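A.B. asks: Got a structure for you, questions after.
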Amino acid sequence: MQQSGNTSKYLQRYAEPGTAALYNQLFSRSSETPAYRFCLCLPVYDENPQILQRLQALAKHQARCLFIVVVNQPNTVAQASRANTQFVTAINNQLPVLATAPGASLYAIDKHSGLLLLDRCTPGRQIDPRQGVGRARKIAADLALQLIYGHRVLQPFIFCSDADAHWPDDYFIAVQQSAAAHSPKTAAWIYPFKHIASPAQDSSPALHDATLLYEKRLNAYVHGLNYAGSPYAYHTLGSTICIAAEHYAMVRGFPCRNAGEDFYILNKLRKTGSIVSLAQPLIYLDARASSRTPFGTGSAAQQLAATNGSEPACFYHPALFFLLRLLLQWQDALAVAMQRDTALPWAEHLAHFVAAQLDHQSPARCDLTQRFTAAQLSDAMTAALEALDFASGLQHCQRQAMSAEAFAKHLYCWFDGFKTLKWLHQLRDGKLALHNLQLESMQREWQRLP
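The numbering used here applies: residue 134 is where the sequence shown begins, and numbers increase by one.
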């Protein structure tokens, strides 16, 4: 990895306390620990020790890989949980120890691969519940970055996943091949995924069906973003992410949040480079209940499964993405127009733009033009922007940009994945009443869009 100023600065100022010390104790002075090619980071909280078998299988197909496993739990629990204790005991019983440090043990999986177990589950080492899985991911990824910077991990990628994942044999090599084919400005890679029935005791056919429905919801949302031309059209599951090390440092690592940390770091990463959604290989994820985070796939599937057989309306109305496409096209036009007139009234410009665009739509193909006037649509779009304080964002872009191209770039950074989601919610819940739909209704509505 190139010795970048961003990485050095991050490790010195923003990395988790003790990262450098742990690196020095376990790696920098030891000739016993090998240099690894790849590094995979895993937060583990009350998981089955059988995950070790999956890691061992992956190591057989990709030699010289290191797994950084953060066994964690909130500090609201007095003692390490039974499941966490059993997990650590299983590792101790099955793998030989290479090196130890306070709160950390490095094991050999085979002659060339290793597992680094970090204790964040015993009293004094536990995690603030408000920081949760985000903190656990940051602990692991910061150490991975330190290892890459110190040339103890040779490939500059921080692979991130979860204990519910089943990794394909070519899991690591897929990103390496993609990186060689794409621009060095790639910030992250997203693996395709599919949920499968889980062997867990708390799983059930109803939960499996609910998880598959939620997966369709996720796919439909990304499809809608792609249709709209959003630069934030990618999945945001923590089980499926790989981050370029340099870009990880640029965004100052994982946010310490108890949920949504995957969404927020990808939102930042997209502003530093591209996000590549891989076509293959597929990661299989267990469909299972989960209370580890306040929201996410596990908790969402539980809620869907609790609907007593009635199909929930959990899909965004496709018309929202049609309006998002109009909005993003308008943003490009606005960037050009404001170079000519910095005092241009943006809401009026949006109204004219929407009216002109809808004039070109066939009423038979576009249901929106039958139900609403152009003025009603532009008014709703404007109200949703005003709820985000769009005027302040516009002023920021004007101050930063010296050209239409730069203005458009700043505007896309301001109207990011999070603001896109908030804008869609404002529009959905506003006067247009474009409420969520059931699966078949959503599919029919897509067919009505141009």
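Glycine included, every Cβ here is placed at the ideal spot set by N, Cα and C.
Model, not experiment: these values are computed from the prediction.
Across which residues does DSSP place Cys174 in a beta bridge pair?
C.D. replies: Per DSSP, Ile201 and Cys293.
A.B. asks: When you compare each of Leu248, Gln259, Phe523 and Pro256 to Leu175 by their alpha carbons, which one comes out closest?
C.D. replies: Checked all of Leu248, Gln259, Phe523 and Pro256; the closest Cα to Leu175 is Leu248.
A.B. asks: Assign Lys404 to one of two classes, buried (16 or more other C-beta atoms within 10 Å of its C-beta) or exposed (fewer than that).
C.D. replies: Flag for Lys404 reads buried.
A.B. asks: Return yes when the Cβ of Leu155 is within less than 8 Å of the Cβ of Leu132, no when it is not.
C.D. replies: Within the shown structure, residues of the chain are numbered from 134 to 583, placing residue 132 beyond reach of any answer.
A.B. asks: Could you pull the DSSP bridge partners for Thr319 from this structure?
C.D. replies: According to DSSP, Thr319 bridges with Ser407.
A.B. asks: Ignore the nearest five residues each way along the sequence and tell me which others in Leu521's own chain have a CB closer than 7 Å to its CB.
C.D. replies: Counting only Cβ-Cβ distances below 7 Å, and skipping sequence neighbours, we find Lys552, Lys555 and Trp556.
A.B. asks: Which class does His284 belong to by DSSP, given the choice of helix, strand or coil?
C.D. replies: Note: His284 maps to coil in three-state DSSP.
A.B. asks: Is the region 280 to 294 touching the region 227 to 242 in the sense that three or more CB pairs, one from each, lie closer than 8 Å?
C.D. replies: No: fewer than three Cβ pairs fall under 8 Å.
A.B. asks: So which of Ala148, Gly362, Gln288 and Tyr169 has the shortest CA-CA distance to Ala274?
C.D. replies: Of the listed residues, the one whose Cα sits closest to Ala274 is Ala148.
A.B. asks: Roughly how many angstroms separate the alpha carbons of Gln580 and Glu573, rounded to a whole number?
C.D. replies: Gln580 and Glu573: Cα-Cα distance of roughly 11 Å.
A.B. asks: From the DSSP secondary-structure annotation, give me the bridge partner or partners of His299.
C.D. replies: According to DSSP, His299 bridges with Tyr417.
A.B. asks: Could you check whether Leu518 and Val468 sit closer than 8 Å to each other, using their CB atoms as the reference points?
C.D. replies: According to the sequence provided, residue 468 is Ala. The question's Val does not apply to it. No, the pair does not count as a contact, with Cβ atoms beyond the cut-off.
A.B. asks: For Cys198 versus Cys293, is the C-beta spacing smaller than 8 Å?
C.D. replies: Not closer than 8 Å, so no.
A.B. asks: From Thr426 to Val221, what distance separates their C-alpha atoms?
C.D. replies: The pLDDT assigned to Thr426 is 49, lower than 50, so where the model puts this residue is not dependable; a value taken from the coordinates is nonetheless given after this. Distance between the alpha carbons of Thr426 and Val221: 22 Å.
A.B. asks: Can you check DSSP and say which residues form a bridge with Phe160?
C.D. replies: The partner list for Phe160 (beta bridge, DSSP) is empty, contrary to what the question assumes.
A.B. asks: Are the CB atoms of Gln421 and Asp562 nearer to each other than 8 Å?
C.D. replies: The sequence as given places Arg at residue 421; Gln does not occur at that position. Cβ distance not < 8 Å, so Arg421 and Asp562 don't count as in contact.
A.B. asks: With DSSP as the reference, label Pro451 as helix, strand or coil.
C.D. replies: DSSP places Pro451 in helix when its eight states are reduced to three.
A.B. asks: Out of Arg390, Ala541, Gly526 and Phe455, point me to the one whose CA is closest to Gln472's CA.
C.D. replies: The candidate whose alpha carbon is nearest that of Gln472 is Ala541.
A.B. asks: Report the three-state DSSP secondary structure of Leu467 (helix, strand or coil).
C.D. replies: The answer is helix: DSSP assigns Leu467 an H, G or I state.
A.B. asks: With distances taken from CA atoms, which of Arg285, Leu173, Ala480 and Gln212 is nearest Leu159?
C.D. replies: The candidate whose alpha carbon is nearest that of Leu159 is Arg285.
A.B. asks: Look up Ala541 in the DSSP assignment and say whether it is helix, strand or coil.
C.D. replies: Three-state result, Ala541: helix.
A.B. asks: If we count Cβ pairs, one from each stretch, closer than 8 Å, do we get three or more for the region 252 to 269 versus the region 200 to 215?
C.D. replies: They touch, by the three-pair rule.
A.B. asks: According to DSSP, is His245 part of a helix, a strand, or is it coil?
C.D. replies: In the structure shown, His245 sits in coil (DSSP, three-state: anything other than H, G, I, E or B).
A.B. asks: Looking at C-alpha atoms only, which residue of Asp474, Glu348, Asp303 and Asn217 is the closest neighbour of Leu191?
C.D. replies: Checked all of Asp474, Glu348, Asp303 and Asn217; the closest Cα to Leu191 is Asp303.
A.B. asks: Inspect the beta-carbon positions of Gln464 and Phe548 and report whether they are closer than 8 Å.
C.D. replies: Their beta carbons are under 8 Å apart, which means Gln464 touches Phe548 by this criterion.
A.B. asks: For Gly267 and Asn391, what's the separation of their Cα atoms in angstroms?
C.D. replies: Cα to Cα, the separation comes out at about 6 Å.
A.B. asks: State the start and end residues of the unbroken alpha helix (DSSP H) segment that holds Lys552.
C.D. replies: Segment Gly550 to Arg561, the alpha helix (DSSP H) holding Lys552.
A.B. asks: Excluding the five sequence neighbours on either side, which residues of its own chain have a C-beta within less than 7 Å of the C-beta of Leu461, listed in chain order?
C.D. replies: Excluding residues within five positions, the ones whose Cβ falls inside 7 Å are Ala361, Gly362 and Ser363.
A.B. asks: Starting from Thr344, trace the beta strand (DSSP E) both ways and give me its first and last residue.
C.D. replies: No beta strand (DSSP E) holds Thr344; the alpha helix (DSSP H) holding it covers Pro338 to Ala361.
A.B. asks: Give me the Cβ distance between Gly406 and Lys318, rounded to the nearest whole Å; I'm assuming they're in contact under 8 Å.
C.D. replies: About 4 Å separates the two Cβ atoms, so the contact holds.
A.B. asks: In three-state DSSP terms, what is His368?
C.D. replies: Residue state, collapsed to three classes: coil.
A.B. asks: For Gln212, is the classification buried or exposed, using 16 other Cβ atoms within 10 angstroms of its Cβ as the cut-off for buried?
C.D. replies: When all chains shown are included, Gln212 counts as exposed.
A.B. asks: When we look at the beta-carbon of Glu444 and count the other beta-carbons within 10 Å, is it buried (16 or more) or exposed?
C.D. replies: That one is exposed.
A.B. asks: Helix, strand or coil, according to DSSP, for Ala412 in the structure here?
C.D. replies: The answer is coil: DSSP assigns Ala412 none of H, G, I, E or B.
A.B. asks: Which one of Asp295, Ala320 and Tyr324 has the shortest CA to CA distance from Ile306?
C.D. replies: It is Tyr324 whose Cα lies nearest to the Cα of Ile306.
A.B. asks: For His493, does the count of other Cβ atoms within 10 angstroms reach 16, so buried, or fall short, so exposed?
C.D. replies: Exposed: under 16 other Cβ atoms inside 10 Å.
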